[in-house]
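Numbering (this note's numbering), first residue to last: 871 to 984.
Backbone N, C-alpha and C define an ideal beta-carbon position, used for all residues, glycine too.
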């Protein structure tokens, strides 16, 4: 298999399935972490073909050390970004969270009137 036939190597940290905007990390996460089959994965990503999903899995299996690290790095980046977002949400999200808490508090007050 020639990886260039199936993938666009935008950078060492960014590999897409050729002709799509789907990063291989998304397909491999479903395969590795969620145990999904190629047939299940192709249903989830409407822009990829079954052959592309199999090529992605094969690329991973043939290069487990480097591609596995690629996926691990992506997961670590996502977790870090999520934690940072949770710490410092955008103002509109903070406002919505505050409104939700106020609504919960109002509901509790209604349940237990003085």
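Spatial distance of residue i from residue j (CA atoms)
i           : j           : result
residue 924 : residue 958 : 39 Å
residue 970 : residue 977 : 11 Å
residue 947 : residue 975 : 35 Å
residue 885 : residue 910 : 21 Å
residue 942 : residue 872 : 23 Å
residue 882 : residue 906 : 25 Å
residue 878 : residue 949 : 25 Å
residue 980 : residue 973 : 11 Å
residue 934 : residue 953 : 28 Å
residue 936 : residue 968 : 43 Å
residue 874 : residue 888 : 8 Å
residue 956 : residue 964 : 10 Å
Cut-off 8 Å between Cβ atoms - residues of its own chain near residue i, not counting five sequence neighbours on either side
i           : result
residue 908 : 901, 920, 923, 924 and 927
residue 880 : 886
Other residues of its chain near residue i: CB distance less than 6 Å, five sequence neighbours each side excluded
i           : result
residue 893 : 886
Sequence-distant residues of its chain with Cβ nearer than 7 Å to residue i (five each side left out)
i           : result
residue 890 : 917 and 918
**OP:** Flag this pair as touching only if the stretch 897-905 and the stretch 914-930 have three or more C-beta atom pairs under 8 Å; answer yes or no.
**Re:** yes
Original post:
How do the stretch 926-946 and the stretch 901-912 stand: do at least 3 beta-carbon pairs fall below 8 Å, yes or no?
Top reply: yes
**OP:** Identify every run of the alpha helix (DSSP H) within the stretch 883-968, keeping only runs that are complete inside it and at least 4 residues long; order them along the chain.
**Re:** Entirely contained in the stretch 883-968, the alpha helix (DSSP H) runs reaching 4 residues are, in chain order, 894-902, 908-914, 920-932 and 934-957.
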